[in-house]
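Colleague: Structure provided below as C-alpha cells; questions to follow.
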C-alpha cells in the first residue's frame with residue numbers, strides 16, 4: 076500500500092475519532108455517555124494497526140527522520156522494530172493532538188521538547204493519587220510543610 080493511501084486511511088480514522096471526542100467533550104464530565112464515548116474511542120484506537128514512521132511523518136507534517144528520532148526519545152511509542160519499525164497508533168493519536176495544539180498556538184520550534192513536556196504533564200495529571208492530593212489542596216485540607 077502506498078504511503079499516501081495508508082496516510083489517508085489513518086487520517087480518516089483519526090478524523091472520525093475526533094468527531095466522537097468532540098461530542099464527548101460537549102457533555103458534562105459526570106455524564107455516563109461521555110465516559111462511554113471515550114471508551115469507544117479507546118477501543119477503536121486499540122484495534123488500529125501500527126503505523127509506519129513515513130506515514131506518521133505525513134500525518135504530523137514531519138520528516139521520517141524526525142519521527143524516528145521522536146520514537147527513540149520515547150515521545151512516539153514503538154510497536155515493533157523488526158522487520159521494520161512500526162509505531163503505536165494510540166500514542167500517535169495523542170501526539171497528533173499535542174502537536175496540533177502547539178501549532179495553533181504558534182509554536183513550531185523545539186516541538187520535541189514541548190511535546191515531551193506536555194505528555195509528561197498529562198501522565199502526571201492522570202494519576203489518581205495526584206488528583207486526590209490536588210482536590211485536598213483546593214479544599215484547604217492538609218498542612219503547610221516548610
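Numbering (the working numbering), first residue to last: 76 to 221.
Even glycine gets a Cβ: it sits at the ideal position worked out from N, Cα and C.
If you're wondering where the values come from, they're calculated on a predicted model, not measured in any experiment.
Which residue comes first and which comes last in the beta strand (DSSP E) that contains residue 77?
Modeller: Segment: none, residue 77 is in no beta strand (DSSP E) and carries neither H nor E.
Colleague: Rounded to whole angstroms, what is the Cα-Cα separation between residue 84 and residue 219?
Modeller: The straight-line gap from Cα to Cα measures roughly 53 Å.
Colleague: Buried or exposed, going by whether 16 or more other CB atoms sit within 10 Å of the CB of residue 160?
Modeller: So residue 160 counts as buried.
Colleague: Here's the rule I'm using: 16 or more other beta-carbon atoms within 10 Å means buried, otherwise exposed. How should residue 126 be labelled?
Modeller: Counting Cβ neighbours within 10 Å, residue 126 comes out buried, since at least 16 surround it.
Colleague: Quick check: what's the CA-CA separation for residue 193 versus residue 80?
Modeller: Approximately 30 Å, taken between the alpha carbons.
Colleague: Who pairs with residue 126 in a beta bridge, going by DSSP?
Modeller: Residue 126 is bridged to 162.
Colleague: Please go through the same chain and pick out, in chain order, the residues whose beta-carbon is closer than 7 Å to the beta-carbon of residue 186, but skip the five residues on each side of it.
Modeller: Taken in chain order, the residues that qualify are 174 and 177.
Colleague: Among 102, 106, 104 and 86, which residue has its Cα nearest to the Cα of residue 124?
Modeller: Of the listed residues, the one whose Cα sits closest to residue 124 is 86.
Colleague: Beta-carbon within less than 7 Å of residue 98's beta-carbon, same chain only, minus the 5 sequence neighbours each way: which residues are those?
Modeller: Excluding sequence neighbours, residue 98 sits near 112.
Colleague: Looking at the secondary structure, which residues open and close the beta strand (DSSP E) in which residue 155 lies?
Modeller: Run containing residue 155: 153-155, per the beta strand (DSSP E) assignment.
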